[in-house]
Amino acid sequence: MKNNLLSIKTIVAIGIGAAVFVILGRFAVIPTGVPNTNFDTSYGFLALMAVVFGPIAGGLIGLIGHALKDAIFYGTPWWSWVLVSGIVGFLIGLVSKKINIEAGNFNVKKMILFNVVQIIVQAIGWFLIAPSLDVFIYAEPANKVYLQGMVAGGLNMVTVAVLGTLLLGIYAKSRSQSGSLIKED
Amino acid sequence: MAVEMLSYIDRQSPIHRLTGVTKLICFMIWSSIAMLTYDTRILVCLFLFSIFVFIISKVKLKEVAFVLLFILFFLMINNVAIYVFSPQEGVKIYGTSHVLFEIGGRYTITIEQLFYQMNVTLKYFTVIPAAILFIVTTNPSEFAASLNRIGVSYRISYAVALALRYIPDIQRDFRNISLSQQARGIDMSRKEKLTKRIKNAASIIVPLILSSLDKIEVISNAMELRGFGKNKKRSWYRARPFQKIDVITIILFVLILLVSFYVTLHDGNRFYNPF
Numbered sequence: 001m002k003n004n005l006l007s008i009k010t011i012v013a014i015g016i017g018a019a020v021f022v023i024l025g026r027f028a029v030i031p032t033g034v035p036n037t038n039f040d041t042s043y044g045f046l047a048l049m050a051v052v053f054g055p056i057a058g059g060l061i062g063l064i065g066h067a068l069k070d071a072i073f074y075g076t077p078w079w080s081w082v083l084v085s086g087i088v089g090f091l092i093g094l095v096s097k098k099i100n101i102e103a104g105n106f107n108v109k110k111m112i113l114f115n116v117v118q119i120i121v122q123a124i125g126w127f128l129i130a131p132s133l134d135v136f137i138y139a140e141p142a143n144k145v146y147l148q149g150m151v152a153g154g155l156n157m158v159t160v161a162v163l164g165t166l167l168l169g170i171y172a173k174s175r176s177q178s179g180s181l182i183k184e185d
Numbered sequence: 001m002a003v004e005m006l007s008y009i010d011r012q013s014p015i016h017r018l019t020g021v022t023k024l025i026c027f028m029i030w031s032s033i034a035m036l037t038y039d040t041r042i043l044v045c046l047f048l049f050s051i052f053v054f055i056i057s058k059v060k061l062k063e064v065a066f067v068l069l070f071i072l073f074f075l076m077i078n079n080v081a082i083y084v085f086s087p088q089e090g091v092k093i094y095g096t097s098h099v100l101f102e103i104g105g106r107y108t109i110t111i112e113q114l115f116y117q118m119n120v121t122l123k124y125f126t127v128i129p130a131a132i133l134f135i136v137t138t139n140p141s142e143f144a145a146s147l148n149r150i151g152v153s154y155r156i157s158y159a160v161a162l163a164l165r166y167i168p169d170i171q172r173d174f175r176n177i178s179l180s181q182q183a184r185g186i187d188m189s190r191k192e193k194l195t196k197r198i199k200n201a202a203s204i205i206v207p208l209i210l211s212s213l214d215k216i217e218v219i220s221n222a223m224e225l226r227g228f229g230k231n232k233k234r235s236w237y238r239a240r241p242f243q244k245i246d247v248i249t250i251i252l253f254v255l256i257l258l259v260s261f262y263v264t265l266h267d268g269n270r271f272y273n274p275f
């Protein structure tokens, strides 16, 4: 199993993660009051999973979760945004080694690192890639899709900053801290 | 909370009898055509063909009406948004301007704009029946087997199968947690202020996520015990062998793909210009 890219745990994390992503993206969405713009809590969850299980799990949870959510609730996947969900999950996952959440501490330094990374990653994803793909694939007017990207991306950044950080803190606390056992003399 | 979702509808029809692999390949061909082309002639043909397929699949319109209504609503908003943001997009694309009537400034309505937006809408109409059909006529377990068959690693296919299997479970968990939190007086509805609502949502999401993480642990242990992932290949209970009709269908769709690409790219651009 060692030289295998996907351990059983990662596979299951992808499956269950995608299912939770679907449900959160459908039911735990908080409207801001402006039509069609929501705080989508599923991205907070995606960030958590990416940090805990790494880039491949993060990318595939975003990809599979978003595609399934679109398919079973809205009839057809909106491919350009599905792809970006995958990219965001993957890129956030790249810091998982550095944050090393399993060690059980999520201090201010790691918190800042996480948020800087998530903001950069989501800016690239939602402000740049998603609208450009919309223009390229669906030939929609550029100013419309860039504004949509700005709004959705901005909200997702806030969601991940608030909920993602909160979830990581809670998760870290539920792990046993490394070095918490002291050998008695 | 009883929100409807698209799921497999078991029925006897030629579409149901096709193997999952065939349907997956055809669906991918179909969406790539609909993504690429803006050629009205092709879009109309594809749309009529998908209606035809929908009829022979014996899926009743009533069964998918909730999704259709939602999509129509979304398309309407999208169309309005396109018009508000870029009322002269059509003129830009087709290079001419036939004014229908003037409404001050850049919001003048042109035939080109109407034609462009009709094409945008038609594009969705083309892909929606196919996508819905694909979802309601493919058994979820067979879908995972099909993914593996077209070359996706069986580990990832299995992850997709797990996701499909656990969506109803997680939905039930979500409902249970949400109801018990509501019984404790936590309000999720729009009566609360936005900040409070976010906090209250967290009180549902956190238990849901923690219980799901436990699930991951349990399921992966069970799979480990059964020796999942030991071999290079895996057989699927739901996989079915190809029949003659599958081969014919795939050939037909490849032909449609080639013809569409040829017609679309024949005049050097994705748009059909009648002006």
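Chains as they are written, first to last, in the numbering used here: chain P, 1 to 185; chain V, 1 to 275.
The C-beta atom is built at its ideal place from N, Cα and C for all residues, glycine as well.
Enumerate in chain order the residues of its own chain whose CB-to-CB distance from residue i is below 7 Å, with the five nearest sequence positions on each side excluded.
i, result
"residue 8/P", "none"
"residue 62/P", "46, 85, 86, 88, 89"
"residue 58/P", "46, 49, 50, 89, 90, 92, 93"
"residue 123/P", "153"
"residue 234/V", "154"
"residue 47/V", "122, 125, 126"
Interface residues of chain V around residue i at Cβ under 9 Å?
i, result
"residue 113/P", "The premise fails here: residue 113/P is roughly 22 Å from chain V at the closest Cβ pair, so nothing lies under 9 Å."
"residue 15/P", "158, 159, 160, 161, 162, 163, 164, 165, 166, 216, 219"
"residue 68/P", "160, 163, 164, 167"
Suppose the cutoff is 8 Å on Cβ atoms and the five residues either side in sequence are ignored; what does the same chain contact list for residue i look like?
i, result
"residue 228/V", "158"
"residue 165/P", "111, 114, 115"
"residue 253/V", "25, 26, 29, 30"
Starting from the Cα of residue i, find the closest Cα among the options and give me that residue.
i, options, result
"residue 132/V", "69/P, 92/P, 179/P", "69/P"
"residue 177/V", "165/V, 164/V, 209/V, 163/V", "209/V"
"residue 261/V", "41/V, 20/V, 18/V", "41/V"
"residue 139/P", "69/V, 199/V, 90/V", "90/V"
"residue 187/P", "154/P, 153/P, 135/P", "Outside the shown range of chain P (1 to 185) lies residue 187/P, about which nothing can therefore be said."
"residue 82/P", "130/P, 24/P, 180/P", "130/P"
"residue 133/P", "35/V, 265/V, 173/V", "35/V"
"residue 193/V", "16/P, 31/P, 11/P", "31/P"
"residue 134/V", "152/P, 77/P, 97/P", "77/P"
"residue 49/V", "16/V, 121/V, 127/V", "127/V"
"residue 137/V", "121/V, 231/V, 70/V, 23/V", "23/V"
"residue 44/V", "199/V, 118/V, 15/V", "118/V"
"residue 153/P", "12/P, 26/P, 6/P, 41/P", "41/P"
"residue 8/V", "198/V, 164/V, 72/V, 14/V", "164/V"
"residue 171/V", "46/V, 28/V, 124/V, 204/V", "204/V"
"residue 173/P", "110/P, 150/P, 79/P, 105/P", "105/P"
"residue 86/V", "176/P, 147/P, 183/P", "147/P"
"residue 198/V", "95/P, 74/P, 155/P, 169/P", "155/P"
"residue 16/P", "218/V, 226/V, 105/V", "218/V"
Should residue i be labelled buried (16 or more other beta-carbon atoms within 10 Å of its own) or exposed?
i, result
"residue 222/V", "exposed"
"residue 77/V", "exposed"
"residue 241/V", "exposed"
"residue 80/V", "exposed"
"residue 272/V", "buried"
"residue 115/V", "buried"
"residue 14/P", "buried"
"residue 264/P", "Any question about residue 264/P goes unanswered here, given that chain P covers just 1 to 185."
"residue 149/V", "buried"
"residue 160/P", "buried"
"residue 151/V", "exposed"
"residue 113/V", "buried"
"residue 274/V", "exposed"
"residue 185/V", "exposed"
"residue 249/V", "buried"
"residue 26/P", "buried"
Since residue i sits in a beta bridge, which residues does DSSP pair it with?
i, result
"residue 31/P", "38/P"
"residue 110/V", "99/V"
"residue 271/V", "38/V"
Using C-beta distances below 6 Å, list every residue in its chain close to residue i, excluding the 5 sequence neighbours before and after it, in chain order.
i, result
"residue 65/P", "18, 21, 22"
"residue 52/P", "101"
"residue 236/V", "145"
"residue 1/P", "Its pLDDT being 39, under 50, residue 1/P is placed unreliably by the model, and nothing is read from it."
"residue 1/V", "Unreliable placement is indicated for residue 1/V, whose pLDDT of 42 sits below 50; the coordinate value is still reported in the next sentence. Excluding sequence neighbours, residue 1/V sits near 175."
"residue 129/V", "50, 54"
"residue 71/P", "77"
"residue 180/P", "none"
Can you name the residues of chain V whose CB is closer than 8 Å to the CB of residue i?
i, result
"residue 141/P", "82, 85, 86, 89"
Taking residue i as the query, report the chain P residues whose CB atoms sit under 7 Å from its CB, ordered along the chain.
i, result
"residue 201/V", "28, 30, 41"
"residue 70/V", "74"
"residue 174/V", "23, 27"
"residue 170/V", "19, 20, 23"
"residue 5/V", "72, 73"
Quick one: which chain V residues come within Cβ less than 7 Å of residue i?
i, result
"residue 46/P", "Within 7 Å Cβ-Cβ: nothing; residue 46/P doesn't reach chain V, min ~11 Å."
"residue 170/P", "206"
"residue 12/P", "162, 216, 219, 220, 223"
Taking residue i as the query, report the chain P residues whose CB atoms sit under 8 Å from its CB, ordered along the chain.
i, result
"residue 146/V", "Those within 8 Å of residue 146/V in chain P number zero; the least Cβ separation is about 14 Å."
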